[in-house]
Structure formats: C-alpha cells, structure tokens
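Per our numbering, the sequence shown starts with residue 450, numbered consecutively. For every residue, glycine included, the Cβ atom is placed at its ideal position computed from N, Cα and C. What you are looking at is a predicted structure, and each value in this text was computed from that prediction instead of being measured.
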Amino acid sequence: MLQQTLMHAITYTGIGLHSGKDVEMKLLPAKIDAGISFHIHDKKEVSIIKPNPYVVATTELATTLGNEKTHVSTVEHLLAALLALGIDNVECHVFGKEIPIMDGSALPITNLIKKAGIRSQYALRKAAKIIRPLLFEANGKTINARPYDGFYVDYTIDFPHKAIGVQRLALEITPESFDEIASARTFGFMKEVEYLHSKNLALGGSLANAIVVDEEGILNPEGLRFANEFVRHKILDFVGDMAMFGMPLQGAFEVRCSGHQHNNAFLREIYDNKDKYLKFEELIPEQRKTDIPYLGINTALA
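See below:
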C-alpha cells in the first residue's frame, strides 16, 4: 500500500465551535513521510504541531492539541476523515486556532477531500499493528484491543436517556465503509449547552452543527439522520482519536462507553509500551483475512 496525499489544496471557512467566529482551514499536499501536521497561524508566527498522544492538551467538548506556544481545537473529525480515506501526508493550516465545526460531522470535509482528489506517492505506507491483546478500562469505560490486519471497531454506548439508550455498531474502517459514519453529527444535552454558554464556551454550537437532546427528546426539527446516529458518531470520534497516534493503527477494538479522554489514555498506554503491544512495519499488499475476531465483552447485547 502506497502513501497518499491530496491531489489539490482545500480551503474552507466556517464557524468555530469554541469561539463562535469564522475560522479558516487550508489543507495542502505534503511530501512522502511528512505525516500530518497542523500549522497554526498567529499574527506574528506559525507554530507546527504533529499528532501524538501527548500533544492532546484537553478533551473537553472536543480534542484540542497544544504545546507551549499555541493550540488547535476540534481536530477529531478532520483526523478521522484523513485516516479513513488513507491520507498519510498533509499540511493543515489553521487560522483561528480551531477547525471549522461544519455541520458537526465529518461529511463536509470528506466530500471536500474526495473533490480535491487523492494521489499515491512512491513509498510504502507505514503502520503500527497491535500484536498483543490489551484490555484497558477505567470508570466503566472499556477498550479491548486485539491483533487484526485492518482497523475494526465494535462500539457500544449506554446513555440513561430514552432518546439514546444502548446502541451498538461494528464495522471495519475503510474508505468505503467510512460513509456509514462520516455524516453522523456530534451530540450534547441541553442542560450542558446552557451551562457552557453561561461560561462563554461552545459559543459556535447550535442545532445547525449538533444534535441537542433535552429531557423529552431530540430538539433538532429535522430529527436524526440515522436511528443509531449517536453510536455512529462515537465511532467517528474514536477513529479521529486513534489518528492521534501519528500513523495508521491496525487492530480490532471493542469499545464500550468511551470518550475522548479515555481514548487518549489508551493511546498513551500503548505509546509508552510500544515494545510490548506494537509492531511497526510497511504495509505490503497481500491477501486480506476476512474473519473478524470475536472479542467477547458485549455478549448480552444485540
């Protein structure tokens, strides 16, 4: 499998979730082995942050990357699209310190990437492959990782709300299957939104870019895009959070009730114990296995 980058540049301006102001993003093709890099433009300088588990500065509302100079927020949907579509090398130039929230899903950026085109580069893609089972759990949140030649996610959520409840979805993440989760929007509860607005947070959040749930049900007049849109979005977030490893991560992951913070803690665990859990290798095209390993946590769920 060859490394890939964009065929043409992408420019997009939209509302920032945190600031509520217009922010701009430009995606530019990058050289072989450059990886994904965020170029955060301030008035006087440009700071560069490359994804790894330890540049995650906060996971409140969304995933924010930061260093001693600057930060960039709401990166997970963009990273999910890049990972799922097989984009290895790209420069993400950010004006306004956050990625536009768009419609709260990864569909708009996915469509922009497809329109810009993807081109192969003459170098093999590198990946980190899970080689040993790991059960990572805390406070009722679980990630069970197993070796697998691909990126397979089996995700369960359990919210004590009649509009959500228990939802489960499993799929292998490929450029084709990503369409099943790319359009799933972020969601939140009305009481949380009111609190955040009172603290001048999430000023760009609205029914145009999020599913909002109150005590009675869904507030969005158009309703849900899928009956299980909530778990679809959780898988989307998980894909974006796993992209924070800095290169494609291969394995089968059974996830229960996790979130950005737990996802990042899991990444740090395997990042700090690379020799125990991971094997780094170039991906040479070969006959793929078709069987999905049974992981065995959600035996009581349909």
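- In the three-state reduction of the DSSP assignment, Ser647 falls in the helix class, which pools H, G and I.
- The alpha carbon of Ile485 has as its nearest neighbour, out of His526, Asp721, His709, Met693, the alpha carbon of Met693.
- Exclusion of the five residues before and after Ser632 leaves Ser554, Leu556, Arg674 as the residues of its chain whose Cβ lies within less than 7 Å of its Cβ.
- The three-state reading of DSSP puts Ile536 in coil, since its state is none of H, G, I, E or B.
- The three-state reading of DSSP puts Phe675 in coil, since its state is none of H, G, I, E or B.
- Between the alpha carbons of Ala483 and Thr454 lies a gap of roughly 10 Å.
- In this structure, the CA atom of Leu732 is about 34 Å from the CA atom of Leu510.
- Runs of the beta strand (DSSP E) spanning 3 or more residues and lying entirely within the stretch 456-534 occur at 459-464, 471-478, 485-490, 495-498, 505-507, 513-515, 520-522, in chain order.
- Look at Phe608 here: in three-state DSSP terms it is strand.
- Between Val662 and His709, the CB-CB gap reaches or exceeds 8 Å.
- Residues Gly465, Ser468, Lys470, Asp471, Val472, Glu473 of the same chain have their beta carbon placed closer than 8 Å to that of Gly545, with the five preceding and five following residues left out of the count.
- Its chain contains Gln452, Ile481 as the residues whose beta carbon lies nearer than 6 Å to that of Ala572, once the 5 sequence neighbours on both sides are disregarded; these appear in chain order.
- Between Pro502 and Leu716, the beta carbon gap of about 4 Å places them in contact (Cβ cut-off 8 Å).
- Pairing Tyr597 with Gln699, the inter-Cα distance amounts to about 6 Å.
- Its Cα nearest to that of Leu476, the residue Leu561 stands out among Gly463, Phe608, Leu561.
- Of the residues assessed, Glu665 falls on the exposed side of the cut-off, its CB having fewer than 16 other CB atoms within 10 angstroms.
- DSSP places Glu641 in the helix class (H, G or I) of the three-state scheme.
- Between Gly566 and Met456 the beta-carbon gap is near 3 Å, inside 8 Å, which marks them as a contact.
- Excluding five sequence positions before and after Leu618, the CB atoms of its chain that fall closer than 7 Å to its own CB belong to Tyr604, Asn677, Val680, Arg681, Ile684, given in chain order.
- Under the three-state reduction of DSSP output, Tyr597 falls in the coil class, being neither helix nor strand.
- For Ile536, same chain residues with a beta-carbon under 6 Å away, outside a window of 5 residues either side, are Gln453 in chain order.
- Ranked by Cα distance from Ile606, the options Asn658, Phe687, His490 are led by Phe687.
- Assigned with DSSP and collapsed to three states, Asp552 falls in coil, not helix or strand.
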